[in-house]
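Numbering (UniProt numbering), first residue to last: 1 to 579. Just so it is clear, CB atoms sit at the ideal spot from N, CA and C, and this is done for glycine as well.
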């Protein structure tokens, strides 16, 4: 048995033995210290059995805590059993806190359903929701101190606070530091507790011992915009000392924009305004809030330059993140300050990166395509048909700029849908590149048979000849045209083997005759070699990478074969005549 399983077995055995000891213990006077260690692992029935032998259920242990105190933190499921057995929830601990306050201070997970159910149970046992401890803090204080953002379908601290307010908890009760529940509630994200407190008529400008209002506390953090807004709408003072600096330090542009609406004379340095706008763009801040931040800048010209410099970096990120309205806002506020060259460079960048959304936004914003030929080449290189179609809408004279179909195929493009769109868009199907190649030749040269067939179906000229004297047949044969003969440029070994075939057959016939008469083959072989060597030199000079060529198609093969046969026959005949 492995060590982990051995340890688990021992712990289970010890627990079982302890349970047996507890259940088998005869009734006698027990102290809470004997039961406390077992509270998390025993059942309500087992606890009830032991409580019958406990003289005082409210007796404290060595640390001054009762069984109820321990169960509130470590065994919430046993609290109803203890209450039914006479445990006193109103008993105060060393800090003057009763059971409700102790429950919230246990540090339970917010989604602990067993602990959440105890708030209503304890209130049903007569606890006063406004009872205070030695620090003048009520159970509502205790719940809100651990509220945080109050998220989750079930939240012990949020739901407990709402229940306490519904049962009459005083939302304006200050503790010994002057903190009221409203000061503490403003950390929540959805503002439910804040709204409920304000609806009771609580003053939004309550001050603690340091003179700070709930709005000052709400300025901290980025996840509690709703309480911040509720306080401002309820009339909270926006002019208190340190509030502006606290909002800026929170890096929450939504709060900055909101506060600036209540402080029309507030002006931000250009750097601060830029940082707030930059963060607001990437967090999806609405255009109205971005406008407030923009208008609050003390240096609008400097801010405009900063936005223009940052636009090439931020715009692609915004469009990819789906933040279209924010991208539109940045374009509207950055491009005028950037000037036409910078706007054109940004459009070129968008097309080159294949960013359809950004390209559309720039074109819709009026950015002129100053270099249409370059933009079209970049768009074709992306092979993104929607991007090419979008750009084509803004380039009415695009087909007069360059032979785009030839350019696309020459650059290695091979998308049939893109080729067909160019054809339907009116591109010249027989346009040529600098070497005289048509689109059909380029497609055939690269082995794109499907494109060749597409071009032929749209009327490509099959008789066009490039500057090397080659037509479409040099690169492409229809499937019904039979097997293609080897070309000198593509397969020189096969070309010469086939061309020299007749001469070699003649040599073998003559060699057999010589051997039959017991004559040497040296002169015959030299004659063959001479004829083939001359043919090789002549054919290579005439037909290999020629421009122009004296023959095209299969003609070089037939001419080379005929020349090799005649010259070799003549050379071998002369060699055999010499004795």
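Three-state class that DSSP yields for residue i in the structure shown
i, result
"residue 566", "helix"
"residue 268", "strand"
"residue 200", "coil"
"residue 432", "strand"
"residue 438", "strand"
"residue 273", "helix"
"residue 186", "coil"
"residue 217", "helix"
"residue 139", "helix"
"residue 555", "helix"
"residue 151", "coil"
"residue 476", "coil"
"residue 398", "helix"
"residue 489", "coil"
"residue 237", "coil"
"residue 82", "helix"
"residue 89", "coil"
"residue 247", "helix"
"residue 173", "coil"
"residue 113", "helix"
"residue 34", "helix"
"residue 448", "coil"
"residue 561", "helix"
"residue 469", "coil"
"residue 45", "helix"
"residue 17", "With a pLDDT of 49 at residue 17, under the threshold of 50, the predicted position of this residue should be treated as unreliable, though the coordinate-derived value follows. In the structure shown, residue 17 sits in a helix (DSSP, three-state: H, G or I)."
"residue 212", "coil"
"residue 482", "Per-residue confidence for residue 482 stands at a pLDDT of 49, beneath the threshold of 50, marking its modelled position as unreliable; the derived number appears in the next sentence. Three-state DSSP puts residue 482 in coil, outside helix and strand."
Host alpha helix (DSSP H) of residue i (start-end)
i, result
"residue 295", "287–295"
"residue 518", "Here residue 518 belongs to no alpha helix (DSSP H), and DSSP marks it neither H nor E."
"residue 100", "99–105"
"residue 331", "324–338"
"residue 389", "385–393"
"residue 130", "Note, residue 130: premise wrong, no alpha helix (DSSP H); not H, not E."
"residue 364", "356–364"
"residue 73", "67–74"
"residue 421", "416–424"
"residue 464", "Where residue 464 is concerned, there is no enclosing alpha helix (DSSP H), given that its DSSP letter is neither H nor E."
"residue 159", "156–166"
"residue 256", "253–262"
"residue 377", "372–382"
"residue 544", "Where residue 544 is concerned, there is no enclosing alpha helix (DSSP H), given that its DSSP letter is neither H nor E."
Burial state of residue i, where buried means 16 or more other Cβ atoms lie within 10 Å
i, result
"residue 227", "buried"
"residue 585", "Within the shown structure, residues of the chain are numbered from 1 to 579, placing residue 585 beyond reach of any answer."
"residue 224", "buried"
"residue 452", "buried"
"residue 129", "buried"
"residue 515", "exposed"
"residue 264", "exposed"
"residue 188", "buried"
"residue 157", "buried"
"residue 245", "exposed"
"residue 204", "buried"
"residue 404", "buried"
"residue 311", "buried"
"residue 626", "Residue coverage of the chain in this structure runs from 1 to 579, which leaves residue 626 outside it and unanswerable."
"residue 567", "buried"
Selection from the options that minimises the alpha carbon distance to residue i
i, options, result
"residue 507", "426, 531, 62", "531"
"residue 216", "554, 199, 182", "182"
"residue 231", "66, 409, 255", "255"
"residue 401", "518, 417, 420, 428", "428"
"residue 192", "207, 160, 219", "160"
"residue 136", "470, 96, 467", "96"
"residue 468", "494, 446, 449, 438", "438"
"residue 44", "149, 270, 564, 84", "84"
"residue 242", "410, 222, 252, 211", "211"
"residue 144", "178, 55, 185", "185"
"residue 180", "201, 167, 112, 141", "141"
"residue 461", "447, 436, 448", "436"
"residue 148", "474, 281, 111", "111"
"residue 266", "281, 285, 239, 162", "239"
"residue 538", "190, 570, 496, 171", "496"
"residue 301", "447, 517, 334", "334"
Would you be able to state if there are at least three C-beta pairs under 8 angstroms between the region 292–304 and the region 313–321? With the cut-off at 8 angstroms, the region 313–321 and the region 292–304 do not touch.
Would you be able to state if there are at least three C-beta pairs under 8 angstroms between the region 369–385 and the region 344–357? The region 344–357, when compared against the region 369–385, does touch it at the 8 angstroms Cβ threshold.
Given 8 angstroms, three or more beta-carbon pairs between the region 510–525 and the region 539–547: Not touching, per the Cβ criterion.
Assess, as a yes-or-no matter, whether the region 62–77 is touched by the region 32–46 under the definition of 3 or more beta carbon pairs within less than 8 angstroms. With a cut-off of 8 angstroms, the region 62–77 and the region 32–46 count as touching, because enough Cβ pairs lie within range.
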